[in-house]
Structure formats: structure tokens, C-alpha cells
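Asker:
In the working numbering, the protein residues as written are 541 to 712.
#1: Three-state secondary structure (DSSP) at residue 596?
#2: Can you check the stretch 594-677 for any beta strand (DSSP E) of at least 3 residues that lies completely inside it and give the ranges in chain order?
#3: With a threshold of 8 Å, are at least 3 pairs of Cβ atoms found where one atom belongs to the stretch 550-558 and the other to the stretch 618-634?
#4: Return the residue from the list 662, 682, 676 and 658 that minimises the CA-CA distance to residue 649.
#5: Would you be able to state if there are at least three C-beta pairs under 8 Å between the stretch 694-705 and the stretch 561-569?
#6: Is the number of C-beta pairs between the stretch 668-678 and the stretch 570-587 that are closer than 8 Å three or more?
#7: Identify, in the order they occur along the chain, each residue of the same chain with its Cβ nearer than 6 Å to the Cβ of residue 651, setting aside the five sequence neighbours on each side.
#8: State the DSSP-derived secondary structure class of residue 710, mapped to helix, strand or coil.
#9: Less than 7 Å between the C-beta atoms of residue 561 and residue 573, yes or no?
#10: If you compare alpha carbons, which of 564, 665 and 600 is closest to residue 614?
#11: Taking the Cβ atom as the reference point for each residue, do residue 636 and residue 653 lie within a distance shorter than 7 Å?
This is the structure in C-alpha cells:
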């Protein structure tokens with residue numbers, strides 16, 4: 541039985557929110573949010589990694605935990621549906637403020653690419669069963685902060701549970 545237009549719109553919105561939740565999970569170092577994006581047994585191919593998505597999340601947490609800050613943006617989300625399966629393509633742009641490898645200060649690392657995902661709806665939930673991450677751009681730059689260099693700590697995003705979004709969600 542074919543999906544109605546409303547069912548298709550709802551499915552696409554649910555899938556889009558999984559993609560956005562993944563970005564939030566990376567930036568807030570919210571491991572539970574990341575894991576909630578994938579069905580058990582999901583596979584991952586990204587940045588030389590090939591294996592289970594659960595193992596990729598372990599790797600990703602090791603990358604984002606020591607960062608001073610990060611920002612992952614998702615855009616150009618395209619989704620094709622067929623029953624309880626979907627294929628999505630989206631662009632990502634990641635920024636990591638990190639320590640230089642030699643320990644002599646900080647640097648800004650930028651990575652741009654696409655996520656190609658296969659989704660399945662199981663037990664009423666759309667989640668990723670296969671992810672391929674492709675890279676198009678990489679750049680490392682010296683920080684060029686001006687006003688942020690003197691900004692107070694409350695002007696910066698924080699990690700879970702200290703970021704203000706978690707208090708706001710808790711009060712909802």
C-alpha cells in the first residue's frame with residue numbers, strides 16, 4: 541500500500557530530525573543522542589572507517605570529547621521513500637576548535653562532505669541502517685577570534701548536560 545502525501549511528509553520530517561539529532565549529538569558530546577540515530581547492527585563507512593555504527597560512535601566520541609568546541613551543520617537534505625525504507629543524502633559542514641598536534645596553541649579544522657544513508661522504519665521509528673560519509677573539503681586554519689576571545693563563558697555552547705538546551709527541553 542502506497543504512502544499518503546501526509547505519511548510521506550511525516551516520514552521525511554522524522555528522517556530529517558534523525559540527521560539533525562546526529563549533529564547535535566556530536567556538538568554536545570551526547571553519546572545517547574548519537575546512538576539513537578542508528579538501528580542495532582547498522583554499518584558505517586566514513587573517513588577510512590568500515591564497521592558497525594556503534595563502533596564508529598566510540599571513535600567519534602574520542603574525537604569530539606577533547607575539542608574546545610565543535611559545530612556540525614546539516615543541509616540540502618534529500619530523501620527518497622519506498623515503504624519502510626528510505627535513502628537520504630545530505631551535506632555536512634563540521635568545524636572543530638582543537639589543540640594543535642604539537643601542543644602550541646589551537647587551530648580550526650573544517651571538513652565538508654555528504655552523508656549517504658539508508659534508513660528503515662522498525663517498530664515505528666526511522667533510523668539509519670547504513671551510512672557512507674564522503675568528504676569534499678578539508679581546511680586547517682589559525683583561529684582568528686576577535687570579540688569571542690574576550691567573551692564570557694556563558695556565551696559559548698557546552699556539553700551535555702550543561703548546555704542550556706537540556707534545561708530548556710527539561711522545562712518543556
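Don't be surprised by glycine CBs; every beta carbon is placed ideally from N, CA and C.
The structure presented is a predicted model; accordingly, all values stated were derived computationally and were not measured.
Answerer: The structure says:
#1: As a working mapping, residue 596 is identified with position 56 in the chain shown. In this structure, residue 596 counts as helix in the three-state DSSP scheme.
#2: As far as the stretch 594-677 is concerned, its whole beta strand (DSSP E) runs of at least 3 residues are 609-622, 625-639 and 646-662.
#3: Taking a cut-off of 8 Å for Cβ pairs, the stretch 550-558 and the stretch 618-634 touch, as three or more such pairs fall below it.
#4: Here residue 649 refers to the residue found at position 109 of the chain shown. Ranking 662, 682, 676 and 658 by Cα distance to residue 649 puts 682 first.
#5: Judged by Cβ distances under 8 Å, the stretch 561-569 makes contact with the stretch 694-705, as three or more pairs qualify.
#6: Touching, per the Cβ criterion.
#7: Within the chain shown, numbered from 1, the residue matching residue 651 stands at position 111. The answer, listed in chain order, is 634 and 678.
#8: Sequence index remark: in the chain shown, residue 710 carries index 170 (1-based). Residue 710 falls in the helix class under three-state DSSP.
#9: Reading the chain shown from its first residue, position 21 is the one you call residue 561. Reading the chain shown from its first residue, position 33 is the one you call residue 573. Cβ distance < 7 Å, so residue 561 and residue 573 count as in contact.
#10: The count along the chain shown starts at 1 and reaches residue 614 at position 74. It is 564 whose Cα lies nearest to the Cα of residue 614.
#11: For the purposes of this step, residue 636 is taken as residue 96 along the chain shown, with counting starting at 1. For the purposes of this step, residue 653 is taken as residue 113 along the chain shown, with counting starting at 1. In this structure, residue 636 lies away from residue 653, with their beta-carbon atoms at least 7 Å apart.
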